[in-house]
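Asks: Residue numbers (this note's numbering): -2 to 136. Note that the Cβ used here is the ideal one computed from N, Cα and C, for glycine as well. After the structure tokens below, expect a handful of questions from me.
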């Protein structure tokens, strides 16, 4: 994987999106994804395809980026990465559903109790174990 997950806001317009930029032959099948967010129209994650758009999932909360995020005092993003999937959650600061281990900055967290992530990238045909040198470029 060239670049893992990162915020992808444009011109202060929310909601945020998490995007996966990968090496060749990596696509996501939205039918296999359990997240609550909205998968993008093109789920080819290869960084040289589609003008480096990657495969993205738009957050299900409009206050996940930009001025709307600032207006609620920020929030928490969390990512869980395994060989089988990459999950991303977001909670606005004022969300009563923020898990205690996240809100209180626990040394260890337990994503099993966090509910569904908004982004769920599954290992359809991608090798999620491959991470390239962070200094390498995606274009």
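Between which two residues does the alpha helix (DSSP H) carrying residue 100 extend?
Replies: Where residue 100 is concerned, the enclosing alpha helix (DSSP H) stretches over 97 to 100.
Asks: Just checking residue 79 against the ligand GTP - is the residue's beta carbon closer than 7 Å to any of the ligand's heavy atoms?
Replies: Questions concerning the ligand GTP fall outside what the structure shown contains, since it holds no ligand whatsoever.
Asks: DSSP three-state label for residue 59, please.
Replies: Three-state DSSP puts residue 59 in coil, outside helix and strand.
Asks: Could you check how far apart the C-beta atoms of residue 119 and residue 29 are, in whole angstroms? I think they sit under 8 Å.
Replies: Going by Cβ atoms, the distance from residue 119 to residue 29 rounds to 5 Å, so yes, they are a contact pair.
Asks: Decide if residue 114 is buried, meaning its Cβ has at least 16 other Cβ atoms within 10 Å, or exposed.
Replies: Looking at its Cβ environment, which holds 16 or more other Cβ atoms inside 10 Å, residue 114 is buried.
Asks: Looking only at DSSP bridge pairs, what is residue 138 linked to?
Replies: Because the chain is modelled from -2 through 136, residue 138 falls outside the range shown and cannot be assessed.
Asks: Could you give the DSSP three-state label for residue 93: helix, strand or coil?
Replies: In the structure shown, residue 93 sits in coil (DSSP, three-state: anything other than H, G, I, E or B).
Asks: With distances taken from CA atoms, which of 75, 86, 117 and 102 is nearest residue 27?
Replies: That would be 117, whose Cα lies nearest to the Cα of residue 27.
Asks: Does the Cβ-Cβ distance between residue 58 and residue 93 come in under 8 Å?
Replies: Contact: no.
Asks: Just the C-alpha distance for residue 72 and residue 111, rounded to the nearest angstrom, thanks.
Replies: Approximately 15 Å, taken between the alpha carbons.
Asks: Per DSSP, which one or two residues make a beta bridge with residue 54?
Replies: Beta-bridge pairing links residue 54 to 15 and 36.
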